[in-house]
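What follows is a set of notes on a single structure, which appears directly below.
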Amino acid sequence: MQDKLFKGYQMSVFNQMLYVNLCSALASFAGLVATGQLWQALAFVTRHPEAFLLMMLLSAAATLGQVLIMHTIRRFGALGFATIMTSRQFVSVLASCLIFAHPLSLGQWCSTAVVFGALYYKAFSKAASSRSSKSS
28 MQDKLFKGYQ
38 MSVFNQMLYV
48 NLCSALASFA
58 GLVATGQLWQ
68 ALAFVTRHPE
78 AFLLMMLLSA
88 AATLGQVLIM
98 HTIRRFGALG
108 FATIMTSRQF
118 VSVLASCLIF
128 AHPLSLGQWC
138 STAVVFGALY
148 YKAFSKAASS
158 RSSKSS
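The opening residue of the sequence shown carries number 28 in the numbering used here; numbering runs sequentially from there.
And the structure:
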């Protein structure tokens with residue numbers, strides 16, 4: 028979806044982040060009001076000001092992550108981002124298997140090969156087709 032907004036509407040990364048986060052904040056606020064937990068949440072933060080600092084640090088880290096994700100999608104497209112994220116998850120699973128001796132069954136290895144094979148085939152075939160169309 029971000030890919031279409033970048034290409035179709037020339038929307039900036041920061042505009043997208045602003046509108047997505049505003050909608051998210053409104054949904055969170057509505058959820059707190061609807062469940063009657065707004066005052067409890069405010070009371071908790073008042074009693075534990077260190078929690079507020081940690082919330083702000085978490086928000087700053089999430090914002091930095093969003094900026095990096097949006098720039099990656101803008102530069103490499105949604106497929107490139109999906110390839111990067113899936114590769115990161117694969118490396119995490121592989122590291123967990125090696126470091127903590129978590130075994131994977133034959134079926135799990137086969138499923139992993141199918142998923143990554145399809146993803147990389149799609150990514151590399153798209154890259155090859157865009158290279159051939161640029162050289163024509």
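Virtual Cβ for every residue (Gly too), placed ideally from N, Cα, C. Source: prediction; values computed, not measured.
- [ ] Take the Cβ of residue 79 as the centre, count every other Cβ of all protein chains shown within 10 Å, and call the residue buried at 16 or more, exposed below.
- [x] Under this definition residue 79 is an exposed residue.
Open item on the list: If distances are taken between C-alpha atoms only, which option among 65, 67, 85, 98 comes closest to residue 39?
Closed with: Of the listed residues, the one whose Cα sits closest to residue 39 is 98.
Open item on the list: To the nearest angstrom, how far is the alpha carbon of residue 147 from that of residue 110?
Closed with: For residue 147 and residue 110, the gap between their C-alpha atoms comes out near 7 angstroms.
TODO: Return the CA-CA distance between residue 64 and residue 75, expressed in angstroms with no decimal places.
DONE: One C-alpha to the other measures close to 16 angstroms.
Task: Buried/exposed call for residue 150, threshold 16 Cβ in 10 Å - done: Flag for residue 150 reads buried.
Task: For residue 146, the three-state DSSP class (helix, strand or coil) - done: Collapsing the DSSP output to three states places residue 146 in a helix.
- [ ] Please classify residue 129: does DSSP put it in a helix, a strand, or coil?
- [x] Secondary structure at residue 129: coil, using DSSP grouped into helix, strand and coil.
Open item on the list: Pop quiz: residue 124 and residue 133 are said to be a contact at Cβ under 8 angstroms. What is the actual Cβ separation, rounded to whole angstroms?
Closed with: For residue 124 against residue 133, the beta-carbon gap comes to about 14 angstroms, at or over 8 angstroms, which does not count as contact.
Open item on the list: Within 10 Å of its beta-carbon, does residue 43 have 16 or more other beta-carbons around it, so buried, or fewer, so exposed?
Closed with: With 16 or more other Cβ atoms within 10 Å, it is buried.
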